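These protein sequence lines are chains B and X, in that order.
In terms of the working numbering, the first sequence opens at residue 1 and continues consecutively.
In terms of the working numbering, the second sequence opens at residue 1001 and continues consecutively.
Quick reminder that beta carbons are idealized off the backbone N, C-alpha and C, glycines included.
Quick caveat: nothing in here was measured; it's all calculated off a predicted structure.
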Amino acid sequence: MSEHEYTPKSKVGKWFNDRLPLLTLANHLTDYPTPKNLNYWWTFGGILTFCLITQIVTGLVLAMHYIAHADMAFQSVEHIMRDVNYGWLIRYIHANGASMFFLAVYIHIFRSLFYGSYKSPREVIWIIGIIIYLLMMAAAFLGYVLPWGQMSFWGATVITNLFSAIPLVGEGIVTWLWGGYSVDNPTLTRFFTLHYLIPFLILGLVVLHIWALHVPGNNNPIGIDIKKPSNDTVPFHPYIVIKDGFALLMFMIVFAFFVFYTPNILGHADNYIEANPLVTPAHIVPEWYLLPFYAILRSVPDKLLGVIAMLSAILILAALPWLDTSKIRSAVFRPLYKQFYWILVADVLILGYVGAMPAEGLYLLIARIATAYYFLHFLVVLPVLGFKERTTPVPLSITEPILGGSPNLAAVKKKDSFKDQ
Amino acid sequence: MKNFFRISFLIALFFGFQFNSNAAEKAEYLKTDWSFKGPFGKFDRAALQRGYQVYQEVCSSCHSMKYLSYRNLVEEGGPEFSVEQAKAIAASFEVKDGPNADGEMFMRPGRLSDKFVMPYENEKAAQAANGGAYPPDMTVLVKARGGGVDYIYSLLQGYEDPPAGVTLDDGVYYNKYMYGNKIKMSNQLSDGLVEYSDGTNASVEQMAKDVTTFLMWTAEPHLETRHKMGFKAIIYLIILTVLVYFSMKRIWSRIETKV
């Protein structure tokens, strides 16, 4: 936290701040000491905040024109695309924004995995992040149902049917979720309500996420504890603000490219066919960002076990701070972990790929191996690595390698001090 | 900066996977130059007008166009018929209106504000008239098919005699681009089927291209605005990014760490 007590200069400011310390908060946020060696992978926190705000703002406008009724939803989306002023722009930003949001969150999560940001004392930040991620998936799924196209309808049918795997009460729960005996108008209206609610829950959790972050401060690429403020830190404003801003602009260029030039490439063509309960699409596939979990679900032959595997794949992340037994945070100093990290990245990409393919033959085999490896990574590799791995020397401070003559980490490795910090 | 290339690489990898998974669907589609492809793509106005003619004279007897209104024919970025032409087109259709003061429904000539008149009263009627198959609404058809415009363009020209060993039921036709190769729509286009008012030779290929262009417009009526705005938005973002980059360099030059 800030090192000094802040007092506003003006009398009015002081009067107000004594009653509601908003100015102290603003001062904390601008002065907030940030490690100066943060690389661009650290800019995705800001980018994600931008994504959330974008989704909320465009979503509000869409909600003004959208009609949550099974007979009119599809038509109202076409109305937005055609007749609402710049409705096509708002909708394409919202639809592609979901993909961009997930792209950013996956980079954010994998950054955390690489640099060990989930480790003590940042476990709570990490767990809040996992809850946000779960809510994001819920929001994305619910939102995908709203246009009431074929994939909306059948995606909703498949996902809600997962609950029927629960013994005894499963069928009852599904009927309760649907508000009837199939996905229909009551399902659509409640999905719309929940889709509207969840982003605000996420917003609240984001505040907690940032609050929890500001207690220990940011992790950094070399993963060491640093003194704050010190030679190793810079104030958040202007240094990090401008850097985050620059990265955000780069991100927005990619975003704009999708919105303006290939707005439908990430969606499924079938969702431009109005929902029809009597016609099942040839392949029911979720959006790309859910594919790895879909692959895990389908790789288990038993329905209930498949659902359990899929949920565990996400929930296991919450236990990560305790599964990873290594005291060293950053993969920079963990030569073995670094390799397993990239294998995990490849594994998840493979899961995503087979998730889009029919669950048969070779694809199914690959999905099963990749699923097994996914769990192996967290349940076996990580705990064992922490004890077995010979890590390379960790520098004392961020400035050390630089003052030592070279920012090159190879130079740091020569010093054999602080081997097991 | 190096990291940015890594990020871009990751993004490319991610979506590369996606494109692959979407593309692994069907036989090679016929290719043609679409004027609306690419960042500066625009519709060929004459092709849209001819495409409308093909839709009107051929497709519309079975396929509805329910999200389109006659006024759309006048709008910028579309076929851009003159208001008089569009009014005449609208007036050539009978629209059911009412109830009037006596509580009766009545027929009146169409107006610009009317939606395109549907060929059938409802889906059941459409099915009954087409051997059980429902001719899909065409407004967003190109977006509702995996291959998009190339698929539609190919399908219209993809009718063949079935290969040996394939038997077709009555009212089912063989089309090499159709999913499963069996289609309930018979071959619709033949050379010289329509007489283009601009004198263009109405070959099958020409008609297929024109009507597909028209369908692209009905699915994406704001495509031209989108392309134009996208270009401006991206140029703006690039300039701003460059400015912010140099500001960032300058601010970070106060400390010796590199950005």
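Leaving out five residues before and five after residue 329 (chain B) in sequence, what residues of the same chain have Cβ atoms less than 8 Å from its Cβ?
Here residue 329 (chain B) is taken as the residue at index 329 of the first sequence, counted from 1. Answer for residue 329 (chain B): 115, 116, 117, 119, 219, 223, 224, listed in chain order.
Could you compute how far the alpha carbon of residue 1157 (chain X) sits from the alpha carbon of residue 1044 (chain X)?
Within the second sequence, numbered from 1, the residue matching residue 1157 (chain X) stands at position 157. Within the second sequence, numbered from 1, the residue matching residue 1044 (chain X) stands at position 44. Their backbone Cα atoms lie some 21 Å apart in a straight line.
In angstroms with no decimal places, state the Cα-to-Cα distance between residue 1107 (chain X) and residue 1120 (chain X).
Taking the first residue of the second sequence as 1, we reach residue 1107 (chain X) at position 107. Taking the first residue of the second sequence as 1, we reach residue 1120 (chain X) at position 120. Roughly 15 Å between the two C-alpha positions.
Using beta carbons (cut-off 7 Å, strictly below), is residue 1173 (chain X) in contact with chain B?
The residue labelled residue 1173 (chain X) in the question sits at position 173 within the second sequence. No, because no Cβ of chain B sits closer than 7 Å to the Cβ of residue 1173 (chain X).
Within-7 Å CB hit, residue 88 (chain B) to chain X
In the first sequence, residue 88 (chain B) corresponds to position 88, counting from 1. Taking Cβ atoms only, chain X reaches closer than 7 Å to residue 88 (chain B), which makes this a yes.
Identify the residues that DSSP records as bridge partners of residue 1097 (chain X): which are they?
In the second sequence, counting from the first residue as 1, residue 1097 (chain X) sits at position 97. Beta-bridge pairing links residue 1097 (chain X) to X:1106.
Contact with chain B by residue 942 (chain X), beta-carbon distance below 7 Å:
This structure cannot settle anything about residue 942 (chain X), because the visible part of chain X is limited to 1001 through 1259.
Rounded to whole angstroms, what is the Cα-Cα separation between residue 1113 (chain X) and residue 1086 (chain X)?
As a working mapping, residue 1113 (chain X) is identified with position 113 in the second sequence. As a working mapping, residue 1086 (chain X) is identified with position 86 in the second sequence. C-alpha separation (whole angstroms): 11 Å.
Quick one: Cα of residue 1211 (chain X) to Cα of residue 136 (chain B), how far?
Reading the second sequence from its first residue, position 211 is the one you call residue 1211 (chain X). Reading the first sequence from its first residue, position 136 is the one you call residue 136 (chain B). When rounded, the distance between both Cα atoms is 41 Å.
Which two residues bound the contiguous alpha helix (DSSP H) that contains residue 174 (chain B)?
In the first sequence, counting from the first residue as 1, residue 174 (chain B) sits at position 174. Element bounds for residue 174 (chain B): 170-178.
Using a Cβ cut-off of 8 Å, which residues of the region 1235-1247 of chain X contact any Cβ in chain B, in chain order?
1237, 1238, 1240, 1241, 1244, 1245, 1247
Looking only at DSSP bridge pairs, what is residue 149 (chain B) linked to?
In the first sequence, counting from the first residue as 1, residue 149 (chain B) sits at position 149. Partner(s): B:274.
Just reading off the alpha helix (DSSP H) that residue 321 (chain B) is part of, what are its end residues?
The residue you call residue 321 (chain B) lines up with position 321 of the first sequence. Looking at the DSSP string, the run of the alpha helix (DSSP H) that includes residue 321 (chain B) is 320-323.
Can you have a look at residue 1169 (chain X) and say buried or exposed, based on whether 16 or more other CB atoms are within 10 angstroms of its CB?
Mapped onto the second sequence, residue 1169 (chain X) falls at position 169. Classification of residue 1169 (chain X): exposed, given that the 10 Å Cβ count is below 16.
Cut-off 7 Å between Cβ atoms - residues of its own chain near residue 190 (chain B), not counting five sequence neighbours on either side
Position 190 of the first sequence, counted from the start, is the residue given in the question as residue 190 (chain B). Around residue 190 (chain B): 179.
Note down, in chain order, each residue of its chain lying with its Cβ closer than 6 Å to the Cβ of residue 1093 (chain X), except the 5 sequence neighbours on either side.
Walking along the second sequence from the start, residue 1093 (chain X) turns up at place 93. Counting only Cβ-Cβ distances below 6 Å, and skipping sequence neighbours, we find 1110, 1117.
Check the C-beta distance from residue 277 (chain B) over to residue 153 (chain B) and give it rounded, since I have them as a contact under 8 Å.
Position 277 of the first sequence, counted from the start, is the residue given in the question as residue 277 (chain B). Position 153 of the first sequence, counted from the start, is the residue given in the question as residue 153 (chain B). Correct: roughly 7 Å between the Cβ atoms.
Pull up the distance between the alpha-carbon of residue 11 (chain B) and that of residue 17 (chain B), whole angstroms please.
The count along the first sequence starts at 1 and reaches residue 11 (chain B) at position 11. The count along the first sequence starts at 1 and reaches residue 17 (chain B) at position 17. Their backbone Cα atoms lie some 10 Å apart in a straight line.
Counted within 10 angstroms of its Cβ, other Cβ atoms place residue 66 (chain B) as buried (16 or more) or exposed
Within the first sequence, numbered from 1, the residue matching residue 66 (chain B) stands at position 66. That one is buried.
Could you tell me whether the Cβ of residue 46 (chain B) comes closer than 7 Å to any Cβ of chain X?
By 1-based counting over the first sequence, the position of residue 46 (chain B) is 46. Judged by the 7 Å Cβ criterion, residue 46 (chain B) is not in contact with chain X.
Nearest to residue 255 (chain B) by alpha carbon, out of B:30, B:43, B:100?
Here the question's residue 255 (chain B) lines up with position 255 in the first sequence. The shortest Cα separation from residue 255 (chain B) among B:30, B:43, B:100 belongs to B:100.
Skipping 5 residues on each side, what residues in its chain have a beta carbon closer than 8 Å to that of residue 19 (chain B)?
Sequence index remark: in the first sequence, residue 19 (chain B) carries index 19 (1-based). Counting only Cβ-Cβ distances below 8 Å, and skipping sequence neighbours, we find nothing.
Below 8 Å, how does it come out for the region 137-151 of chain B and the region 60-74 of chain B: are there three or more Cβ pairs, yes or no?
yes
Where does residue 1021 (chain X) sit, in a helix, a strand or coil, going by DSSP?
Along the second sequence, one-based indexing puts residue 1021 (chain X) at 21. Confidence is the limiting factor: at residue 1021 (chain X) the pLDDT is only 46, short of 50, which leaves the residue's position unreliable, though a coordinate-based value still follows. If DSSP states are grouped into helix, strand and coil, residue 1021 (chain X) belongs with the helices.
Would you decide whether residue 1254 (chain X) is buried or exposed? Buried here means 16 or more other CB atoms lie within 10 Å of its CB.
Here the question's residue 1254 (chain X) lines up with position 254 in the second sequence. Per the 10 Å Cβ criterion, exposed.
May I ask you to verify whether the region 161-171 of chain B touches the region 231-248 of chain B, counting CB pairs closer than 8 Å and requiring at least 3?
no
Tell me whether residue 1253 (chain X) sits in a helix, a strand or coil according to DSSP, three-state version.
In the second sequence, the residue the question calls residue 1253 (chain X) occupies position 253. If DSSP states are grouped into helix, strand and coil, residue 1253 (chain X) belongs with coil.
Less than 7 Å between the C-beta atoms of residue 1046 (chain X) and residue 1213 (chain X), yes or no?
By 1-based counting over the second sequence, the position of residue 1046 (chain X) is 46. By 1-based counting over the second sequence, the position of residue 1213 (chain X) is 213. Contact: no.
Considering Cα atoms alone, identify which of B:25, B:339, B:50 is closest to residue 250 (chain B).
Looking up residue 250 (chain B) in the first sequence gives position 250. The option with the nearest alpha carbon to residue 250 (chain B) is B:50.
Is the region 252-271 of chain B in contact with the region 320-340 of chain B, if contact means three or more CB pairs nearer than 8 Å?
no
Simplified DSSP assignment, three categories, for residue 234 (chain B)
Position 234 of the first sequence, counting from 1, holds the residue named residue 234 (chain B). Of the three classes helix, strand and coil, the one that applies to residue 234 (chain B) here is strand, per DSSP.
Do you know how far the Cα of residue 133 (chain B) is from the Cα of residue 202 (chain B)?
On the first sequence, residue 202 (chain B) is found 202 positions in, with the first residue counted as 1. On the first sequence, residue 133 (chain B) is found 133 positions in, with the first residue counted as 1. Approximately 9 Å, taken between the alpha carbons.
What are the partner residues of residue 220 (chain B), as DSSP defines its beta bridges?
Here residue 220 (chain B) is taken as the residue at index 220 of the first sequence, counted from 1. In DSSP, residue 220 (chain B) forms no bridge with anything.
Whole-angstrom C-beta distance between residue 1063 (chain X) and residue 1136 (chain X), which should lie under 8 Å:
Along the second sequence, one-based indexing puts residue 1136 (chain X) at 136. Along the second sequence, one-based indexing puts residue 1063 (chain X) at 63. Yes, they are in contact, since the Cβ atoms of residue 1136 (chain X) and residue 1063 (chain X) sit about 7 Å apart, within 8 Å.
7 Å Cβ cutoff, residue 272 (chain B) in contact with chain X
Here residue 272 (chain B) refers to the residue found at position 272 when the first sequence is read from its first residue. At least one chain X Cβ lies under 7 Å of residue 272 (chain B).
State the DSSP-derived secondary structure class of residue 264 (chain B), mapped to helix, strand or coil.
Within the first sequence, the letter at position 264 stands for residue 264 (chain B). In this structure, residue 264 (chain B) counts as coil in the three-state DSSP scheme.
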